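Peer 1:
Protein chains in written order, with the numbering used here: chain U, 1459 to 2107; chain Y, 2 to 74.
#1: Return the chain-ordered ranges of every beta strand (DSSP E) run that is complete within the segment 1654-1740 of chain U and spans a minimum of 3 residues.
#2: Within the segment 1817-1901 of chain U, note down every full alpha helix (DSSP H) run reaching 4 residues or more, in order along the chain.
#3: If the cut is a Cβ gap below 9 Å, which residues of chain U does residue 53 of chain Y touch?
#4: Where residue 1643 of chain U and residue 1557 of chain U are concerned, what is the direct C-alpha to C-alpha distance, given to the nearest angstrom?
#5: Please list the partners that residue 66 of chain Y has in chain U, where partner means a Cβ-to-Cβ separation under 7 Å.
#6: Would the segment 1921-1932 of chain U count as touching the segment 1951-1969 of chain U if we require 3 or more Cβ pairs under 8 Å?
#7: Anything in chain U within Cβ reach of residue 16 of chain Y, meaning under 9 Å, just list it in chain order.
#8: Drop a sphere of 10 angstroms on the beta-carbon of residue 1655 of chain U, count the other beta-carbons inside from all chains shown, and report buried for 16 or more, exposed for fewer.
#9: Taking CB distances under 9 Å as the criterion, tell me whether residue 20 of chain Y reaches chain B.
#10: Quick one: using the 10 Å Cβ neighbour count with 16 as the cut-off for buried, is residue 67 of chain Y buried or exposed?
#11: What number of angstroms, rounded off, separates the C-alpha of residue 2086 of chain U from the C-alpha of residue 2019 of chain U?
#12: Contact check, residue 1985 of chain U vs residue 1975 of chain U under 8 Å by CB: the rounded distance?
#13: When you check each C-beta in the segment 1525-1537 of chain U against every C-beta of chain Y, which residues fall closer than 7 Å?
#14: Answer with buried or exposed for residue 1467 of chain U, where buried requires no fewer than 16 other C-beta atoms within 10 angstroms of its C-beta.
#15: Would you verify that the beta carbon of residue 1540 of chain U is, or is not, closer than 9 Å to some beta carbon of chain Y?
#16: List the residues of chain U whose Cβ lies closer than 7 Å to the Cβ of residue 42 of chain Y, in chain order.
#17: Counting Cβ pairs, one atom from each stretch, are 3 or more of them under 8 Å apart for the segment 1478-1496 of chain U and the segment 1545-1556 of chain U?
#18: Return the residue from the list U/1944, U/1604, U/1652 and U/1676 that minimises the CA-CA distance to residue 1582 of chain U.
#19: Among U/1906, U/1956 and U/1795, which has the Cα closest to the Cα of residue 1897 of chain U?
#20: Going by the beta-carbon positions, is the gap between residue 2037 of chain U and residue 1741 of chain U smaller than 9 Å?
#21: Could you tell me which uninterrupted alpha helix (DSSP H) segments, each at least 4 residues in length, are contained entirely in the segment 2064-2089 of chain U, listed from first to last along the chain?
#22: So, for residue 1534 of chain U: in the same chain, excluding its five sequence neighbours on each side, which residues have a beta-carbon less than 6 Å away from its beta-carbon?
#23: Measuring CB to CB, does residue 1945 of chain U end up less than 9 Å from residue 1885 of chain U?
#24: Excluding the 5 residues preceding and the 5 following residue 73 of chain Y in the sequence, name in chain order all residues of the same chain whose CB lies nearer than 6 Å to its CB.
#25: Would residue 27 of chain Y pass as an interface residue toward chain U - the criterion being a Cβ-Cβ separation below 9 Å?
#26: Roughly how many whole angstroms lie between the Cα atoms of residue 1750 of chain U and residue 1919 of chain U?
#27: If distances are taken between C-alpha atoms only, which option among U/1539, U/1579 and U/1504 comes closest to residue 1517 of chain U?
#28: Apart from the five residues just before and just after residue 1758 of chain U, which ones in its own chain have a Cβ nearer than 8 Å to its Cβ?
#29: Please check the pair residue 1904 of chain U and residue 1819 of chain U, which I expect to be a contact at CB under 8 Å, by giving their CB distance rounded to whole angstroms.
#30: Going by DSSP, name the residue or residues bridged to residue 1931 of chain U.
#31: Which chain Y residues are close to residue 1746 of chain U, counting only those with a beta carbon under 9 Å from its beta carbon?
#32: Taking C-alpha atoms, which residue in U/1660, U/1681, U/1651 and U/1957 lies nearest to residue 1669 of chain U?
#33: Could you name the residues that DSSP lists as bridge partners for residue 9 of chain Y?
#34: Pull out every residue of the segment 2017-2030 of chain U whose Cβ sits closer than 8 Å to any Cβ of chain Y, in chain order.
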């Protein structure tokens, strides 16, 4: 018996279960009352049961109204309490019971469904494990995940979530990064690889040196950014909040005036019941929370309602080539040594010069040069943006770069080399010209491959109504055209300096286009800033991208761009639908009350239904289909899963 | 010594709860600042744990009709 009482006590102590029990209790009394009256003609029993139901549910509402009043907060509970007490006093016991029952029942349903709307983010929060196993003095110890010290060794077994950001020091495993990047295919991690908190080691055993814990992990930063984005108020929401501030007090005023004029207490009490513009105040919030949450689940960070709005209107997309449409990992495809120069010596000189630059095109040259042996240190270096690099190496003036650099240095090519250059360009390679002491000594051809899925992503972008897709690149025409043909882009602007990209974006905007720009590097920064929407790729590895872009894709997957656009559009549409539903409800309720068609119970019912409809409509956004299903993605994921299964057995 | 505690609730279903919860928390001795973020359901409280424990914060929010739990971030 005592156990039962304490069970009931603890059930009633928790607001959610208390609401449920109050709903069941008062609902049962109302049902019994209705049966007594209409089944057995027991009007007195009906009256007693209705009063009991109203008191049972109303008691909780009144307590909350009182608590709020005590800290000088005005609450909806107060309006409902006044209305219910008023109804009891004038003998409208059915209205009092129905209003309190519907208020409690609706509150319970709304709290549950709102929780689901926020559910996408909950999945991210739940991705962070609470505890970590660390090695302290050689012994594994379990500690709270945020108490791990930087540099400590963390052990992660097969099937466990990784609790910290870190670097693998021992072991290997297939790690599923789905929680962070939305990528279903696990990535192979070995010593030296970086791993993120919240990802899952599907097999194997990892020892990880912690480099980020608690709030200082990529996962925590993503959650933080998503929440900030959800809180950032869209213009429509601000307008509604101003309206709501004014709406409730004026409805109360209206109730007082209506009573003074008509002496109709029922009318006045009904007005109090419909005094909370519930559906209206949550209409835009629900859409934005669900839309941004849905995007986050796919590894797409949309930085707020305002960016949702502008992304939903995009009709023109500009893409950088290197690292965006391509893998950004160029290979050295052709080496032509000229003028009696040996290939080895050509590569050694070119690599020594390029070693002083961090341009992605230089990396494979440096690698090829290092294969010949250690590289000398240049006496001086001069990097020329958009052209290349010149250096003084072992007493020789070496230059490596594009045609523009050679022109600038006054180095002539000659007809034979022009032809060689032409062949490289025609093959879609990016040529790097190498000169020493004023004479051309070699031509290097670099080639980069288009990203997997790029073509499908461009097709999908056109399908969803992005009418103009443009490539903007600093690379040369031939290489740009080759990639453009491969991915299906017909408008190419090649050989651009960073400020040329900026000018082109400005021009498109001036022509009335809504432009999104996708890029990665620093040389895209001005163009990204000028675009209506800036999109950064591969943001999981770069906090700068997470901070600065309007939309950050956590994974290098072009397929996420059409998905982000589709989610933005769906969210915008959803917000508009919710606004219409809410405004029609408010107008309908007020109209119905004044024409005498709606009484207290009916008003509460319509009000609660409209709130639930708005939430349910917002929740549809969580089911916007995943665009990752284009092309060969599925078969890749299946193959990866098979590989993981094979590794397990 | 004040500290910042983050609580989360999934149950906030109408923004009218925002001032209610903020004022209920603000009325506790030892609470310097309380901010409720409706959209994400996050409640940020700056408080002196010696005067107002985390349990007391949860209890105060419960009194307004909502369940909340502390969160690491």
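Every residue gets a Cβ at the ideal spot worked out from N, C-alpha and C, and that includes glycine. Computed from a predicted structure; not experimentally measured.
Peer 2: Short version:
#1: Inside the segment 1654-1740 of chain U, DSSP marks whole beta strand (DSSP E) runs of 3 or more residues at positions 1663-1670, from first to last along the chain.
#2: Listed in chain order, they are 1821-1828, 1861-1867 and 1872-1884.
#3: Close to residue 53 of chain Y, with beta-carbon spacing below 9 Å, lies no residue of chain U; the smallest spacing is near 14 Å.
#4: Going by the C-alpha atoms only, they are around 52 Å apart.
#5: Among the residues of chain U, those whose CB is under 7 Å from the CB of residue 66 of chain Y are 1473 and 1522, following chain order.
#6: Verdict: yes, contact present.
#7: Ordered by position in chain U, the residues that pass the 9 Å Cβ test against residue 16 of chain Y are 1699, 1702, 1739, 1740 and 1743.
#8: Burial call: buried.
#9: No chain B is present in this structure, whose protein chains are U and Y.
#10: Its Cβ being crowded by 16 or more others within 10 Å, residue 67 of chain Y is buried.
#11: Caution applies to residue 2086 of chain U, whose pLDDT of 44 falls short of 50 and renders its modelled position unreliable; the model cannot decide the point.
#12: With 8 Å as the limit, residue 1985 of chain U and residue 1975 of chain U qualify as a contact, their Cβ atoms being about 5 Å apart.
#13: Correct list: 1525, 1526, 1529, 1530, 1531, 1533 and 1534.
#14: Its Cβ having fewer than 16 others within 10 Å, residue 1467 of chain U is exposed.
#15: When Cβ-Cβ separations below 9 Å define contact, residue 1540 of chain U makes no contact with chain Y.
#16: Taking a Cβ-Cβ cut-off of 7 Å, the neighbours of residue 42 of chain Y in chain U comprise 1576, given in sequence order.
#17: Contact holds between the segment 1478-1496 of chain U and the segment 1545-1556 of chain U, because three or more Cβ pairs, one in each stretch, are under 8 Å apart.
#18: When U/1944, U/1604, U/1652 and U/1676 are compared, the shortest CA-CA separation from residue 1582 of chain U is found for U/1676.
#19: Taking the Cα of residue 1897 of chain U as reference, the smallest distance to any Cα among U/1906, U/1956 and U/1795 is reached at U/1795.
#20: A Cβ-Cβ contact shorter than 9 Å links residue 2037 of chain U with residue 1741 of chain U.
#21: You should have found no qualifying run.
#22: Same-chain partners within the cutoff: 1734.
#23: The beta carbons of residue 1945 of chain U and residue 1885 of chain U sit no closer together than 9 Å.
#24: So no residue of the chain qualifies.
#25: Taking Cβ atoms only, chain U reaches closer than 9 Å to residue 27 of chain Y, which makes this a yes.
#26: As the crow flies, the alpha-carbon of residue 1750 of chain U is around 20 Å from that of residue 1919 of chain U.
#27: Considering only alpha carbons, the answer is U/1539.
#28: Once the five neighbours on either side are set aside, the close Cβ partners of residue 1758 of chain U are 1640, 2009, 2010, 2011, 2012, 2018, 2021, 2022 and 2025.
#29: Their Cβ separation, rounded to whole angstroms, is 5 Å, which keeps residue 1904 of chain U and residue 1819 of chain U in contact under 8 Å.
#30: Per DSSP, residue 1931 of chain U has no beta-bridge partner at all.
#31: In chain order: 40.
#32: With distances taken between Cα atoms, residue 1669 of chain U lies closest to U/1651.
#33: Beta-bridge pairing by DSSP links residue 9 of chain Y to Y/43 and Y/70.
#34: Of all residues in the segment 2017-2030 of chain U, none has a Cβ within less than 8 Å of some Cβ in chain Y.
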